[in-house]
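Reviewing the structure listed below.
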Amino acid sequence: MAFGFLRGIPHSVTISLNLLLCLLTGFLHFPISTIFLDLSVQVTCEVFELDNRFIDFIDKGPWLVQFYAPWCGFCRRLTSTYEEMSRLLIHMEPSIKVARLDATVYTGIAKMFDIRGFPTIKYINSTVTYTFMGDRTVKGLITFAQRANGPAVKHFEEKHKFEERIKQLDSDEPFFFLLTSTNSVLKVTFLEVAEKLRIFSWFFSGSLSVLPQPYIELLKSFRNVFTEILVFKDSNVYSYPGLLSSENQQITTNKSELYQDLLLWVLRERQSDFPKLSTSDLWEFASSGLGNINFNLDNMHNNSNSILSPYPVSSNVNSIRVYRNYRLIGLFTVDQLLVEDSFPSRVLKFGQTLALRRLPHIIRYFQLAWTDDIEALEDLAMGVISTPNFIVVDPLTRELFMYLSNHYSSHSLLLDESNLINFLMLVNDGKVKAVGGNTISVRLQRLGYNFVTGVIKFLITRPFMAMLVFGVPIIMLSGIIYLCCCLDTDYANYGDDYNDNEEACDKQLSGRKVNKNINDSTDSIIDTDSSYVTTNDHQAGINVRSRNIKTFSSSSNHRYRALHPGRKILNMGPVYSEEELRKRIKDCRAKKEK
Numbered sequence: 001m002a003f004g005f006l007r008g009i010p011h012s013v014t015i016s017l018n019l020l021l022c023l024l025t026g027f028l029h030f031p032i033s034t035i036f037l038d039l040s041v042q043v044t045c046e047v048f049e050l051d052n053r054f055i056d057f058i059d060k061g062p063w064l065v066q067f068y069a070p071w072c073g074f075c076r077r078l079t080s081t082y083e084e085m086s087r088l089l090i091h092m093e094p095s096i097k098v099a100r101l102d103a104t105v106y107t108g109i110a111k112m113f114d115i116r117g118f119p120t121i122k123y124i125n126s127t128v129t130y131t132f133m134g135d136r137t138v139k140g141l142i143t144f145a146q147r148a149n150g151p152a153v154k155h156f157e158e159k160h161k162f163e164e165r166i167k168q169l170d171s172d173e174p175f176f177f178l179l180t181s182t183n184s185v186l187k188v189t190f191l192e193v194a195e196k197l198r199i200f201s202w203f204f205s206g207s208l209s210v211l212p213q214p215y216i217e218l219l220k221s222f223r224n225v226f227t228e229i230l231v232f233k234d235s236n237v238y239s240y241p242g243l244l245s246s247e248n249q250q251i252t253t254n255k256s257e258l259y260q261d262l263l264l265w266v267l268r269e270r271q272s273d274f275p276k277l278s279t280s281d282l283w284e285f286a287s288s289g290l291g292n293i294n295f296n297l298d299n300m301h302n303n304s305n306s307i308l309s310p311y312p313v314s315s316n317v318n319s320i321r322v323y324r325n326y327r328l329i330g331l332f333t334v335d336q337l338l339v340e341d342s343f344p345s346r347v348l349k350f351g352q353t354l355a356l357r358r359l360p361h362i363i364r365y366f367q368l369a370w371t372d373d374i375e376a377l378e379d380l381a382m383g384v385i386s387t388p389n390f391i392v393v394d395p396l397t398r399e400l401f402m403y404l405s406n407h408y409s410s411h412s413l414l415l416d417e418s419n420l421i422n423f424l425m426l427v428n429d430g431k432v433k434a435v436g437g438n439t440i441s442v443r444l445q446r447l448g449y450n451f452v453t454g455v456i457k458f459l460i461t462r463p464f465m466a467m468l469v470f471g472v473p474i475i476m477l478s479g480i481i482y483l484c485c486c487l488d489t490d491y492a493n494y495g496d497d498y499n500d501n502e503e504a505c506d507k508q509l510s511g512r513k514v515n516k517n518i519n520d521s522t523d524s525i526i527d528t529d530s531s532y533v534t535t536n537d538h539q540a541g542i543n544v545r546s547r548n549i550k551t552f553s554s555s556s557n558h559r560y561r562a563l564h565p566g567r568k569i570l571n572m573g574p575v576y577s578e579e580e581l582r583k584r585i586k587d588c589r590a591k592k593e594k
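Mind the numbering: the sequence shown is residues 1 to 594 in the UniProt record's numbering, read in order.
Below is the structure:
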């Protein structure tokens, strides 16, 4: 029962765990039909279902665990992706066990791992845990698991193994490479930085002989090799320039300063010069940068040997903006459908050319990129964004700085390099007004904006469903309002105490005297089966048919007269002449006297 904490069986096997245990212990005494039933179990993925005994077996890892909730729609949509990833990962990283856990049932375990939303995917071993923050794709999940597993810097001794690993990367995916050397201060610092940023980038090490021939040729053509720390990206290779000491112009031995400078360089170079970014990539900039860098601004202002000293700083730049410990993101925004040689395509080529120039005053403070996810940016700005455009995004405050406003139609400014660079410097100086943000008031505004836009989109895309969702409740509410407020005021409504006062009303009616003179200004004697109408008109007999006729039984008629003694009641039928009516009244009185 060593694996009793696994409530689900390993799905790649074709025989049940119960049958296997029985074969091992020799207890094959259950019905043959049960054997065939168990043999028919076929599942196609290697995902274990965990329970509350997971803590006892956590050291059997490493584990890649998805914390989910059964009611979560995102979790259900992730199921197929997660299972496909597990089938591939078992061949790439067989040591990793892929599992999932219902966080709504085992709340203690979820609280232990600080689960605040669903789905949450974590890499867990006996010492550390890492949380997945990227796109929930098969490629993204496998990359996360491979980076988190094993040492932060993957060392290679054989060339073919390194080539196999490189083939698993995307063609434009950057990676850092440490040429094997003695245990220098720079090497130790690089290992520490790699440990901090292991889930954000690839870190490799080895001798020059393990590099494939194209990378060796690229390295030979690159003259500015300052240190043994290299980064390969965008068909180029760059070397860490190092932090020179002010005393002997050699790489400093101050480990703290070297660590901060190398960390900044890795964060700056870990992305391609002009990548396509999604929404999750935007927030990854803040999570990776802010989670690992702690600046002491007072020391920076007073220390001439600051880690920022190699970079030129303009005198008119706001100090808070200069010492921001993360980079802003300059996004060229275009529509998804690009036509070759169209203006949006030329905008992207212009942005790529500007990014590959690697101007120091731009790459120091900004990451240039492009995106076609306009909807996410409009959600942040709470408004429509014209395209093509250039927008600077602050990944921490979620503020947007737009180069072209919606009322400005001259898109040719997007191809003006000097104006664009000037705009970037003004943003860095804090002289451009931002839209959006993440303050409480802005979040409330964004909540209302999302609700309104969501309703409008729902009405446009699914009109029939919208008619059912909104139309039926509106009709029901209108009916309730009509019944409560718009009924005929002449309708006879009796209270709950009506039956209690019935005898009193009859006695009151029997004690009243009937006037012998009947005219249109007095109450008339009503026949028990007559129809009558309430009126205040003295000429009630005229246009009788146009009145609203109400028929009451005999008892209802008397009760109405008792409860409404001031109402004039007109006889509506049968219609008699005056003489015949007097005769009927006389006969009625004679019957009462008897």
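The beta-carbon is built from N, C-alpha and C at its ideal position, and this holds for glycine as well. Keep in mind it's a predicted model, so treat the numbers as computed, not measured.
Mind checking Arg-100: buried by the 16 CB within 10 Å criterion, or exposed?
-> buried
Taking only the alpha-carbon atoms, compute the straight-line gap between Arg-270 and Ile-474 and give it to the nearest angstrom.
-> 55 Å
Excluding the 5 residues preceding and the 5 following Leu-415 in the sequence, name in chain order all residues of the same chain whose CB lies nearer than 8 Å to its CB.
-> Arg-346, Val-347, Phe-350
Apply the 10 Å Cβ neighbour rule to Tyr-482 and answer buried if 16 or more other Cβ atoms are within range, or exposed otherwise.
-> exposed
Alpha carbon of Ser-386 to alpha carbon of Lys-97, nearest angstrom | 47 Å
Is Leu-101 helix, strand or coil by DSSP?
-> strand
Helix or strand or just coil, what does DSSP make of Met-382?
-> In the three-state reduction of the DSSP assignment, Met-382 falls in the coil class.
From the DSSP output, read off the bridge partner residues of Ala-69.
-> None, per the DSSP bridge assignment.
Neighbourhood of Gln-445 by C-beta distance below 7 Å, restricted to the same chain and skipping five residues each side | Met-382
Considering only C-alpha positions, which residue in the set Phe-366, Glu-163, Val-384 is nearest to Asn-422?
-> Phe-366
Indicate whether Phe-204 and Phe-222 have their beta-carbon atoms separated by less than 8 Å.
-> The Cβ atoms of Phe-204 and Phe-222 do not sit closer than 8 Å to each other.
Looking only at its own chain, which residues have a Cβ that is under 7 Å from the Cβ of Glu-84, when we skip the five neighbours before and after it?
-> Closer than 7 Å at Cβ, skipping near neighbours: Val-138.
State whether the stretch 421-436 contacts the stretch 360-374, with contact taken as three or more CB pairs (one from each stretch) at a distance under 8 Å.
-> They touch, by the three-pair rule.
Could you say which of Leu-191, Ser-171, Ser-412, Gly-134 lies nearest to Leu-179 if we only look at CA atoms?
-> Leu-191
Cβ of Val-262 within 8 Å of Cβ of Thr-189?
-> Here the sequence assigns Leu to residue 262, which means Val is not the residue at that position. Between Leu-262 and Thr-189, the C-beta gap is smaller than 8 Å, which places the two residues in contact.
With a 10 Å radius around its C-beta and 16 neighbouring C-beta atoms as the bar for buried, classify Ala-145 as buried or exposed.
-> That one is buried.
Assess, as a yes-or-no matter, whether the stretch 156-167 is touched by the stretch 210-222 under the definition of 3 or more beta carbon pairs within less than 8 Å.
-> yes
When you compare each of Leu-244, Lys-154, Asn-224 to Gly-206 by their alpha carbons, which one comes out closest?
-> Lys-154
Alpha carbon of Asn-438 to alpha carbon of Leu-396, nearest angstrom | The alpha-carbon separation between Asn-438 and Leu-396 amounts to approximately 9 Å.
Spatial neighbours of Ile-58 in its chain, beta-carbon cut-off 7 Å, leaving aside the 5 residues before and after = Ile-124, Ser-126
Quick one: is Ser-80 buried, meaning 16 or more other Cβ sit within 10 Å of its Cβ, or exposed?
-> Counting C-beta atoms within 10 angstroms of its own C-beta, Ser-80 has fewer than 16 neighbours from the protein chains shown and is therefore classed as exposed.
Enumerate in chain order the residues of its own chain whose CB-to-CB distance from Leu-413 is below 6 Å, with the five nearest sequence positions on each side excluded.
-> Asn-419
For the putative contact between Thr-120 and Phe-67, defined by C-beta atoms under 8 Å, what is the C-beta separation to the nearest angstrom?
-> 5 Å
Helix or strand or just coil, what does DSSP make of Val-185?
-> Residue state, collapsed to three classes: helix.
Pick from Asn-389, Glu-375, Leu-380, Thr-353 that is closest to Phe-343, judged by C-alpha positions | Asn-389
Near Glu-580, which residues of its chain fall below 6 Å by C-beta distance, leaving aside the five closest residues on each side in sequence?
-> Answer for Glu-580: no residue qualifies.
Just curious, the alpha helix (DSSP H) that Gln-146 is in, first and last residue?
-> 138-148
Between Gly-242 and the rest of its own chain, which residues show a CB-CB distance below 7 Å, the 5 nearest in sequence each way excluded?
-> Phe-226, Thr-227, Ile-251
Three-way DSSP call (helix, strand, coil) for Met-133 in this model | In the three-state reduction of the DSSP assignment, Met-133 falls in the coil class.
DSSP state of Phe-200, grouped into three classes?
-> The answer is coil: DSSP assigns Phe-200 none of H, G, I, E or B.
Going by the CB atoms, is the gap between Ala-148 and Arg-198 shorter than 8 Å?
-> yes
8 Å Cβ cutoff, Phe-175 in contact with chain B = Absence of chain B from the displayed structure is noted, only one protein chain being present.
Near Thr-131, which residues of its chain fall below 6 Å by C-beta distance, leaving aside the five closest residues on each side in sequence?
-> Lys-122
Among Glu-173, Lys-187, Glu-46, Phe-401, which one has its Cα closest to the Cα of Lys-255?
-> Lys-187
From the DSSP output, in three-state form, read off Asn-125 for me.
-> coil
Expressed to the nearest angstrom, what Euclidean distance is found between the alpha-carbon atoms of Val-279 and Glu-375?
-> A small fix is needed here, since residue 279 is Thr in this sequence, not Val. Those two C-alpha atoms are separated by around 10 Å.
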